[in-house]
Amino acid sequence: MRVVTGGQMRELDRTAMEDYGIPGLVLMENAGLAVVRVVQQVLGEVAGKRVAVFAGKGNNGGDGLVVARHLFNAGAEVKVLLLAKPEEITGDAAVNLAIWQKMGQPVYPVARGEDLNAVRLFLVGAHAVVDAIFGTGFKGAAREPAAGVIEAINASGKPVVAVDIPSGVEADTGQVHGPCVRATHTVTFALPKLGLVQEPGRSHVGELHVADISIPSFLLEEGAPGRYLITEKMVREWLPPRPAWAHKGSCGRVLVVAGSRGMTGAACLAALGAARAGAGLVTLAVPAELQDVMAVKLTEVMTVGLPGTQEGTLARSARSEILALLERADVLAIGPGLSRHLETVALVRELLPALRVPCVIDADGLNALAGDVQLLNRISVPAVVTPHEGEMARLLGRPLEEVRSRRLAVAEEAAAAWGVVTLLKGAATLVACPDGTTYINPTGNPGMATGGSGDVLTGIIAGLLAQGMSAPRAAAAGAYLHGLAGDMAAREKGMRGLLAGDILELLPAAISRVECIYT
């Protein structure tokens, strides 16, 4: 599903109206009806229920007036609180305001600080709130009286249905610079906006509903390469089928090069991630002194010992043996727990340009490239890098705060500059591709911020690559399945005590759910 900026959505609206003759009033009516359906889900029977509709002066407020009319017709007691003078309302919104007033229904202006007392009084008796104050053109921080209204809505504790976007969220960035509605549900129209699927905006959305408002479907699909929200349907279509004649050799061979003294867990989690993702054969290559330990810890994964340093890390001389092992592998995953030992760093830097199979580079594999990141341009095979924000900052030589505040732009710039699929981990993980396509992941939760979670993700992506998926799809599907397994684990065990092993344990169930094997 495409994700768009506010400007792109306005252009789609304009095209629908001017080129296809769909009146703006029709789009507004359909938008309002979509919100009404969600309010009905929240309240059940709406007859006799009290609903406070907060409307601004733009088209978002016009949508809110449509909502008010239909809820009133269904028997609800509706109060429309208008954050503008009636004469400021223009266009299609003015038409719907006139209809509301001709129905004999009042509007309650909220223009001054003292009006907030009436707002709070309305909220005390309300069963639900509809937020139609600001739309996708909003930027900056809400000012009075809107700021006070938003704070009152949030303090009310009532379920809030936001129209298109919670008021206070910037549609293009997800940034929140002042008071912002915390919605229970957000009904967005035609396509999700970037601000709804990026933090901190995403945390204000509640449950997201994407409603059809009658814009021709082919218009919504145009614009590739573009930005896409990863959906279960997409992942289901991408996952390669496993034919009846499949055998372990036909399901892909993964070589995981990982681990060092004291960092055996990262290596094990990455290897098991590849196996759980469906790779037929997984081999874990570690410093020779660790092989016996790994052989005991891992039953379903083969292990190989490689030349090591006195400090228990992989030696530079392991390069030739790794290349020999890769002659019998389909994918390389490298980095988890490798350490930043100088010899190991040299090994990574010399190995990557010599690869002849796709690779996933994570953790210390990425740290080895800090200060020499142009090595990524010398990789001649499909590659996926999976930095978290701190690793991305080191790779780019930029402040962490810049990476954190410009996640989407940073990921897309890096993918274009490096020529590799760039997966930036974190809330709403981003998968940016060199061709300009970007995928945004909706799954996952804060409980997954635990040691080893990223190592599991590395293995999952490698396992999907080994089964024949392209690098962009393997990274996007891997992020989705990893997050879904984490969500399932959080529901079962809670977020606070979630472990990387819990994600591994539930990964097969997550894949089965996506494939609809079990209902």
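Last residue of the sequence shown: 555 in the working numbering, with the numbers rising by one and none dropped.
No residue lacks a Cβ here, since even glycine has one placed at the ideal position from N, Cα and C.
Please read all numbers here as calculations on a predicted model, not as lab measurements.
Same chain only: Cβ atoms within 8 Å of residue i, ignoring 5 sequence neighbours per side
i: Ala219; result: Asp167, Val196, Val197, Ala198, Pro202, His240, Val241, Gly242
i: Gly84; result: Gly111, Ala112, Glu113
i: Glu325; result: Arg297, Gly341, Gly344, Gly348
i: Pro544; result: Arg312
Residue span of the beta strand (DSSP E) that contains residue i, given as start and end
i: Thr222; result: 221-225
i: Arg263; result: 263-265
i: Val196; result: 196-199
i: Ile169; result: It is not in any beta strand (DSSP E) - Ile169 carries neither H nor E in the DSSP assignment.
i: Ala91; result: 86-91
i: Val146; result: That residue, Val146, is in no beta strand (DSSP E); it is neither H nor E in DSSP.
i: Pro323; result: 317-323
i: Thr474; result: 474-476
Contact with chain D by residue i, beta-carbon distance below 9 Å
i: Gly301; result: Considering every chain present, this structure includes no chain D. It has just one protein chain.
Buried versus exposed, by CB contacts within 10 Å (16 or more), residue i
i: Lys269; result: exposed
i: Ser296; result: buried
i: Val457; result: buried
i: Met139; result: exposed
i: Ser489; result: buried
i: Val217; result: buried
i: Pro508; result: buried
i: Glu427; result: buried
i: Thr555; result: Annotation note: pLDDT 42 at Thr555 (below 50); position unreliable, no value reported.
i: Arg105; result: buried
i: Arg574; result: With the chain covering 37 to 555 only, the question about residue 574 has no answer from this structure.
i: Trp454; result: buried
i: Glu65; result: buried
i: Ser286; result: exposed
i: Gln328; result: This sequence places Asp at residue 328; Gln is not what is there. Counting Cβ neighbours within 10 Å, Asp328 comes out exposed, since fewer than 16 surround it.
i: Leu147; result: Per the sequence presented here, residue 147 reads as Ala, with Leu not at that position. Ala147 should be labelled exposed.
i: Pro372; result: buried
i: Lys121; result: exposed
i: Thr126; result: exposed
i: Thr222; result: buried
i: Arg527; result: exposed
i: Trp136; result: buried
i: Asn109; result: exposed
i: Arg179; result: exposed
i: Gly97; result: buried
i: Lys461; result: buried
i: Cys304; result: buried
Close Cβ partners of residue i (< 6 Å) along its chain, the five nearest in sequence each way excluded
i: Ala162; result: Arg86, Ala88, Lys194
i: Gly262; result: Arg38
i: Ser192; result: Leu159
i: Gly60; result: Met53, Asp128
i: Leu405; result: Leu411
i: Gly556; result: The chain is shown only over 37 to 555; residue 556 falls outside these bounds and no answer can be derived.
i: Val550; result: Glu268, Val271, Arg272
i: Leu308; result: Leu540
Start-to-end residues for the alpha helix (DSSP H) that takes in residue i
i: Gly341; result: Unbroken run through Gly341 is the beta strand (DSSP E), 338-342; no alpha helix (DSSP H).
i: Pro508; result: 507-529
i: Cys304; result: 300-312
i: Thr458; result: Thr458 -> not in any alpha helix (DSSP H); beta strand (DSSP E) instead, spanning 457-460.
i: Lys115; result: It is not in any alpha helix (DSSP H) - Lys115 instead sits in the beta strand (DSSP E) that spans 113-118.
i: Arg297; result: Run containing Arg297: none; DSSP gives neither H nor E here.
i: Val75; result: 60-79
i: Ile135; result: 127-138
i: Val381; result: 378-387
i: Val396; result: Looking at the DSSP string, Val396 is not in any alpha helix (DSSP H); the run it does join, the beta strand (DSSP E), is 395-397.
i: Gly285; result: Run containing Gly285: none; DSSP gives neither H nor E here.
i: Gly42; result: 42-54
i: Gly184; result: 182-192
i: Lys333; result: 327-333
i: His106; result: 95-109
Same chain, Cβ closer than 7 Å to residue i, neighbours up to 5 away in sequence not counted
i: Glu187; result: Pro215
i: Asp55; result: none
i: Val62; result: Ser250
i: Thr172; result: Gly42, Met45, Asp200, Ile201, Ala207, Lys229
i: Ala451; result: Val457, Thr458, Ala468, Cys469, Pro470
i: Gly259; result: Arg38
Near the ligand HEM: residue i beta-carbon under 8 Å from a heavy atom
i: Ala219; result: The ligand HEM is absent from the structure shown, which contains no ligand whatsoever.
**Report entry** Stretch pair the segment 468-480 + the segment 519-537: three plus CB contacts closer than 8 Å
**Finding:** Three or more Cβ pairs drawn from the segment 468-480 and the segment 519-537 lie within less than 8 Å of each other, which places the two stretches in contact.
Query raised in the report: Which runs of the alpha helix (DSSP H) fall wholly inside the segment 235-279 and span at least 4 residues, in chain order?
Result: You should have 253-257, 268-274.
Query raised in the report: Counting only runs that start and end within the segment 404-465, where is the alpha helix (DSSP H) found for 4 or more residues in a row?
Result: You should have 425-432, 436-441, 443-454.
Report task. For the segment 343-368, list the alpha helix (DSSP H) runs that are entirely contained and at least 4 residues long, ordered along the chain. Result -> Note on the segment 343-368: whole alpha helix (DSSP H) runs with a minimum of 4 residues are 355-362, in chain order.
**Report entry** Contact between the segment 412-419 and the segment 309-327 (3+ Cβ pairs under 8 Å)
**Finding:** The segment 412-419 is not in contact with the segment 309-327.
Query raised in the report: Should the segment 520-539 be called in touch with the segment 392-404, which here means at least 3 C-beta pairs below 8 Å?
Result: No, they do not touch.
Query raised in the report: How about the segment 384-398 and the segment 350-363: do they share at least three Cβ pairs that are nearer than 8 Å?
Result: With the cut-off at 8 Å, the segment 384-398 and the segment 350-363 touch.
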